[in-house]
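Enquirer: Protein chains in written order, with the working numbering: chain H, 15 to 351; chain C, 15 to 351. We put the CB at the ideal spot given by N, CA and C, even for glycine.
There are 2 protein chains.
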Amino acid sequence: MGISIIDLAKHCNLSVSTVSRALNNQYGVSEKARQKVLKAVDELRYVPNEGAKELVRKRSNVIGLILHGDDYEVEPAFLHHLPYINQVLNEAGKDTMIQTISRVNYHSGELQQFIQKRNFEGCIIFPGFLKGHPIFDDVLKIKTPVVVLEEEIEAPHCSSINTDEILGGELATEHLILSGHKHIGFINGLGFIHISNLRFQGYKKALEKHGIPYNQEYVMESNYKGEGGAEASTELLQRNPEITAIFFANDVMAMGAISNLSKRNIAVPQDISIVGYDGHRLSQFYNPPLTTIQIQYKEIGGKAAHALLELIEGRQGKSVSIVPRLLKRESVKRIDY
Amino acid sequence: MGISIIDLAKHCNLSVSTVSRALNNQYGVSEKARQKVLKAVDELRYVPNEGAKELVRKRSNVIGLILHGDDYEVEPAFLHHLPYINQVLNEAGKDTMIQTISRVNYHSGELQQFIQKRNFEGCIIFPGFLKGHPIFDDVLKIKTPVVVLEEEIEAPHCSSINTDEILGGELATEHLILSGHKHIGFINGLGFIHISNLRFQGYKKALEKHGIPYNQEYVMESNYKGEGGAEASTELLQRNPEITAIFFANDVMAMGAISNLSKRNIAVPQDISIVGYDGHRLSQFYNPPLTTIQIQYKEIGGKAAHALLELIEGRQGKSVSIVPRLLKRESVKRIDY
DNA sequence: GTGAAAGCGCTAACAA
DNA sequence: TTGTTAGCGCTTTCAC
């Protein structure tokens with residue numbers, strides 16, 4: 015293990031405490047001593063051991079990033095936020111540690127263990143844990159600051175950052191309505207996932223706002239996967255040939271559906287209009303470029319990181335709502351009636 | 015800070031060292047004492063402080079994951095490997111810490127600093143740093159085990175995991191040739207990125223193997239982005255209308271191109287055949303499903319993690335080559351001539 | 001302005 | 001089998 019503060023002190027003919035003070039920019043160090051220390055740091059390539067600091071200071075400067083670790087066949091949602099969050103935290107001088115937690119085999123208390131083990135100053139729980147997952151009970155039991163992404167939580171030591179999913183569903187559906195569509199299908203993701211319900215609510219809200227009767231026949235539940243989108247849309251259109259547009263609860267299902275429709279010579283947007291949800295990086299290069307709802311990953315990441323920093327400073331938790339944007343592209347056709 | 019080993023010892027009427035031994039499953043502890051300790055751990059919810067262990071053991075159990083941190087407009091390549099690597103490492107009992115390092119403003123010695131600061135047992139350098147980046151010089155200067163992804167490096171304390179990119183380029187091009195294409199364009203990514211050259215070599219190798227003369231006019235360099243792929247393919251086809259197939263050095267450019275061609279009523283694969291590279295998760299749901307070269311992210315991640323674990327155990331570094339696979343889908347048309 | 005010394009939580013000699 | 005103690009690298013009283 016490299017050289018320690020003791021080596022540094024010897025090299026400078028100073029006491030350890032003086033060196034420590036110089037290193038931490040504290041008062042009560044002569045300019046001469048300070049310079050001597052700084053010079054020695056350079057010469058000896060001294061790097062302070064954060065672990066040792068942590069032990070005495072009782073704060074670690076480490077943030078735990080809690081990801082689910084079950085299967086990555088489906089693109090894990092956390093990947094979109096991760097780099098942005100990490101970058102902001104790093105810039106604020108925090109180090110980040112990834113903790114993979116099982117969605118299925120979680121045992122109560124696991125979160126606390128991870129926090130204590132590495133003495134996390136706070137943590138961020140990434141999307142992927144279902145509402146009602148025991149990890150959220152554990153979050154309420156502790157006092158360590160926690161920021162939860164894409165999930166509501168209320169406690170003084172917690173903040174949550176949520177996209178306004180209802181608005182997202184509404185924007186998507188309304189865009190279809192304003193483009194002249196009357197018979198609009200909705201293919202939702204898994205019903206037990208919270209955001210599915212919100213996006214669904216948005217769909218209904220838009221219909222109502224524009225005086226279009228809600229038809230249960232036009233709604234199907236799928237699985238957020240490409241194949242699922244393809245199957246569901248096939249069935250939906252077969253049963254309801256009058257449908258001219260479909261809103262999918264995520265981009266992947268929308269893509270799966272378009273790809274599949276195309277094989278059967280049903281063209282988008284000529285024969286049917288499609289709106290996705292997520293604003294996936296590749297959606298703009300889809301064929302046709304996909305109209306979708308943009309989730310603001312960078313904004314969410316930044317706000318999440320700052321919210322955590324605030325909690326660590328001692329401020330009260332809050333709930334932040336992020337406004338999604340409609341990205342108008344080419345998968346929707348304007349129709350006259 | 016929770017309860018310490020001293021509290022535990024008092025609670026058990028045992029000495030700290032006995033408790034420590036019991037906790038670490040060491041010999042020389044009576045069954046009775048061990049049980050007493052284990053029970054107390056449960057009751058008091060004792061969680062050992064890893065930082066303190068680290069200090070005395072001089073090994074941290076922490077792996078540094080080195081990511082670049084400059085811009086994430088383009089999907090960062092590291093995201094694909096990250097969850098797999100992290101999962102294997104976590105399962106092996108290692109914790110992982112993310113360190114974001116600038117590609118542009120790197121100053122020599124930065125890597126060592128990060129390693130010493132948190133006492134990393136080893137680190138993994140993710141793709142994104144160019145060949146010749148000063149971080150690789152630093153890697154050679156240290157003795158801490160390092161695994162480098164998608165970059166060659168040779169030293170006893172280093173291992174590197176590389177996709178056989180030449181083979182990838184060859185497979186892609188050969189598939190086109192075997193489908194009857196003679197005039198095959200290649201749209202490469204940025205020339206100063208190492209993998210670009212390798213994929214290009216693979217392209218030439220396949221041509222040569224099948225006796226098709228290499229035509230420099232058929233090759234263009236773009237930027238790995240969707241718009242770039244669109245522009246380059248437009249120009250390429252304009253200048254060389256006899257081209258019937260294009261191999262793109264990544265999926266995103268291929269998608270950008272297809273989307274753009276489609277607007278101009280050039281259909282894939284009817285009018286032109288396309289092969290991408292990467293095996294992006296969404297490529298199978300593209301319209302049409304994209305024929306591409308699958309990079310084995312999971313395999314690479316797993317091998318990288320294990321390679322690092324081996325280095326930490328004291329074994330010599332090695333270089334692992336991963337074989338990419340051709341995913342035959344529907345963006346290539348078989349033509350007769 | 002500086003130094004001596006205690007102590008953070010833990011492991012690992014060494015003694016008993 | 002158990003206990004005592006030194007010490008990992010650092011910060012922080014408390015004297016001087």
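Cβ of Y86 of chain C less than 7 Å from any chain H Cβ?
Expert: Taking the first residue of the second sequence as position 1, residue 86 of chain C is located at position 72. By this cut-off, Y86 of chain C is an interface position.
Enquirer: Whose C-alpha, out of H:I149, H:F140, H:P141 and H:N27, is nearest the C-alpha of N119 of chain H?
Expert: By one-based count along the first sequence, residue 119 of chain H stands at place 105. The candidate whose alpha carbon is nearest that of N119 of chain H is H:I149.
Enquirer: For a contact defined as C-beta to C-beta under 7 Å, what are the partners of Q101 of chain H on chain C?
Expert: To locate residue 101 of chain H, count along the first sequence from 1; it is residue 87. Here the neighbours are G83 and T114.
Enquirer: I'd like the span of the beta strand (DSSP E) that includes M15 of chain C, first residue to last.
Expert: Start at 1 with the first residue of the second sequence, and residue 15 of chain C comes out as number 1. Segment: none, M15 of chain C is in no beta strand (DSSP E) and carries neither H nor E.
Enquirer: Using the DSSP secondary-structure output, state which residues sit across from H82 of chain H in a beta bridge.
Expert: Here the question's residue 82 of chain H lines up with position 68 in the first sequence. Its beta-bridge partners are H:I115.
Enquirer: Any C-beta of chain H within less than 7 Å: which residues of the region 254–277 of chain C qualify?
Expert: Listed in sequence order: V266, M269, G270, I272, S273 and S276.
Enquirer: Say whether chain H places a C-beta atom closer than 7 Å to the C-beta of A23 of chain C.
Expert: Position 9 of the second sequence, counted from the first residue, corresponds to residue 23 of chain C. No, no contact with chain H.
Enquirer: Residues bridged to A259 of chain H by DSSP?
Expert: Reading the first sequence from its first residue, position 245 is the one you call residue 259 of chain H. BP columns for A259 of chain H point to H:I198 and H:S287.
Enquirer: With a CB to CB cut of under 8 Å and the five nearest residues on each side skipped, what residues in its chain are close to I257 of chain C?
Expert: For this step, residue 257 of chain C is matched to residue 243 along the second sequence. Only H197, I198, G199, Y232, L250, L251 and I286 meet the Cβ criterion.
Enquirer: Give a yes or no on whether the C-beta atoms belonging to H224 of chain H and I191 of chain H are separated by under 7 Å.
Expert: Indexing the first sequence from 1 puts residue 224 of chain H at position 210. Indexing the first sequence from 1 puts residue 191 of chain H at position 177. Yes, the Cβ-Cβ distance between H224 of chain H and I191 of chain H is below 7 Å.
Enquirer: Looking at V266 of chain C: is its Cβ nearer than 7 Å to the Cβ of G240 of chain C?
Expert: The count along the second sequence starts at 1 and reaches residue 266 of chain C at position 252. The count along the second sequence starts at 1 and reaches residue 240 of chain C at position 226. In contact: V266 of chain C and G240 of chain C (Cβ atoms closer than 7 Å).
Enquirer: By Cβ distance below 8 Å, which residues in the same chain neighbour P312 of chain C in space, the five residues on each side in sequence not counted?
Expert: Stepping through the second sequence from its first residue, residue 312 of chain C is reached at position 298. Just to set this straight, residue 312 of chain C is Lys in the shown sequence, not Pro. For K312 of chain C, where only same-chain residues beyond five positions count, the Cβ hits under 8 Å are Y98.
Enquirer: Would you list the one or two residues that DSSP bridges to V334 of chain H?
Expert: Sequence index remark: in the first sequence, residue 334 of chain H carries index 320 (1-based). Beta-bridge pairing links V334 of chain H to H:I175.
Enquirer: If you measure between the beta carbons of P338 of chain H and Q308 of chain H, is that distance less than 7 Å?
Expert: Residue numbering aside, residue 338 of chain H sits at position 324 when the first sequence is read from its first letter. Residue numbering aside, residue 308 of chain H sits at position 294 when the first sequence is read from its first letter. A contact, by the Cβ cut-off of 7 Å.
Enquirer: Classify R253 of chain H as buried or exposed, calling it buried when 16 or more other Cβ atoms lie within 10 Å of its own Cβ.
Expert: Position 239 of the first sequence, counted from the first residue, corresponds to residue 253 of chain H. Classification of R253 of chain H: exposed, given that the 10 Å Cβ count is below 16.
Enquirer: Going by other Cβ atoms of all chains shown within 10 Å of its Cβ, with 16 needed for buried, is D56 of chain C buried or exposed?
Expert: Taking the first residue of the second sequence as position 1, residue 56 of chain C is located at position 42. Exposed: under 16 other Cβ atoms inside 10 Å.
Enquirer: With 16 other CB atoms within 10 Å as the buried threshold, where does E68 of chain C fall?
Expert: Numbered from its first residue, the second sequence carries residue 68 of chain C at position 54. Buried.
Enquirer: Whole angstroms are fine: how far does the CA of K50 of chain H sit from the CA of C26 of chain H?
Expert: Looking up residue 26 of chain H in the first sequence gives position 12. Looking up residue 50 of chain H in the first sequence gives position 36. Spanning the two alpha carbons is a distance of roughly 6 Å.
Enquirer: If we ignore side chains and look at the alpha-carbon of each, how far apart do R295 of chain C and E89 of chain H end up?
Expert: Taking the second sequence and counting its residues from 1, one reaches residue 295 of chain C at position 281. Taking the first sequence and counting its residues from 1, one reaches residue 89 of chain H at position 75. Distance between the alpha carbons of R295 of chain C and E89 of chain H is about 7 Å.
Enquirer: Round the Cβ separation of Q358 of chain C and G78 of chain C to the nearest angstrom and send it over; I've been treating them as touching at under 8 Å.
Expert: Chain C is shown from 15 up to 351; residue 358 of chain C falls before or after that span and cannot be answered.
Enquirer: Measure the CB-CB distance between K347 of chain H and P283 of chain H and report whether it falls below 7 Å.
Expert: Counting from one through the first sequence, the residue named residue 347 of chain H turns up at place 333. Counting from one through the first sequence, the residue named residue 283 of chain H turns up at place 269. Yes, the pair counts as a contact, with Cβ atoms nearer than the cut-off.
Enquirer: Taking the continuous beta strand (DSSP E) assigned at V51 of chain H, which residues delimit it?
Expert: Position 37 of the first sequence, counted from the start, is the residue given in the question as residue 51 of chain H. Element bounds for V51 of chain H: not the beta strand (DSSP E) but the alpha helix (DSSP H), E45 to L58.
Enquirer: Does the Cβ of P141 of chain C have 16 or more other Cβ atoms within 10 Å, making it buried, or fewer, making it exposed?
Expert: The sequence position of residue 141 of chain C within the second sequence is 127, counting from 1. Flag for P141 of chain C reads buried.
Enquirer: What three-state label does DSSP hand T32 of chain C in the structure shown?
Expert: Stepping through the second sequence from its first residue, residue 32 of chain C is reached at position 18. T32 of chain C: helix per DSSP, three-state reduction.
Enquirer: For a contact meaning CB atoms closer than 7 Å, what does E64 of chain C contact in chain H?
Expert: To locate residue 64 of chain C, count along the second sequence from 1; it is residue 50. Simply K131 and R132.
Enquirer: L341 of chain H lies in the beta strand (DSSP E); which residues open and close that run?
Expert: In the first sequence, the residue the question calls residue 341 of chain H occupies position 327. Note, L341 of chain H: beta strand (DSSP E), R339 to L341.
Enquirer: Establish whether the CB of K108 of chain C and some CB of chain H are separated by less than 7 Å.
Expert: The count along the second sequence starts at 1 and reaches residue 108 of chain C at position 94. Cβ-Cβ to chain H under 7 Å: no for K108 of chain C.
Enquirer: Any idea if E166 of chain H is buried or exposed, counting beta-carbon neighbours within 10 angstroms, 16 or more meaning buried?
Expert: Locating residue 166 of chain H in the first sequence gives position 152, where the first residue counts as 1. Answer is exposed; the Cβ neighbour count stays below 16.
Enquirer: Tell me whether F206 of chain H is buried or exposed, calling it buried when 16 or more other Cβ atoms sit within 10 Å of its Cβ.
Expert: Along the first sequence, one-based indexing puts residue 206 of chain H at 192. Classification for F206 of chain H: exposed.
Enquirer: Look at the Cβ atom of I139 of chain H, then the Cβ atom of I175 of chain H, and state whether they are nearer than 7 Å.
Expert: What you label residue 139 of chain H is simply residue 125 of the first sequence in a count that begins at 1. What you label residue 175 of chain H is simply residue 161 of the first sequence in a count that begins at 1. Contact: no.
Enquirer: Would the beta-carbon of Q127 of chain C fall within 7 Å of that of V61 of chain H?
Expert: Sequence index remark: in the second sequence, residue 127 of chain C carries index 113 (1-based). Sequence index remark: in the first sequence, residue 61 of chain H carries index 47 (1-based). Closer than 7 Å, so yes.
Enquirer: For the beta strand (DSSP E) containing S136 of chain H, name the first residue and the last one.
Expert: What you label residue 136 of chain H is simply residue 122 of the first sequence in a count that begins at 1. According to the sequence shown, residue 136 of chain H is Gly rather than Ser. Start and end: G136 to I139.
Enquirer: Is there a Cβ from chain C that is less than 7 Å from the Cβ of G16 of chain H?
Expert: In the first sequence, counting from the first residue as 1, residue 16 of chain H sits at position 2. Yes - at least one Cβ of chain C is within 7 Å of the one on G16 of chain H.
Enquirer: Is the region 171–190 of chain C touching the region 320–331 of chain C, taking contact as three or more C-beta pairs under 8 Å?
Expert: Cβ pair count under 8 Å is three or more, so yes.
Enquirer: Below 8 Å on the Cβ atoms is my contact criterion, and I expect I129 of chain C with H82 of chain C to pass it. Report the Cβ-Cβ distance as a whole number of Å.
Expert: Taking the second sequence and counting its residues from 1, the one referred to as residue 129 of chain C is at position 115. Taking the second sequence and counting its residues from 1, the one referred to as residue 82 of chain C is at position 68. Wrong, their Cβ atoms sit about 17 Å apart, outside the cutoff.
Enquirer: Can you check whether the C-beta of V61 of chain H is within less than 7 Å of a C-beta belonging to chain C?
Expert: The residue given as residue 61 of chain H occupies position 47 in the first sequence. So yes, V61 of chain H belongs to the interface.
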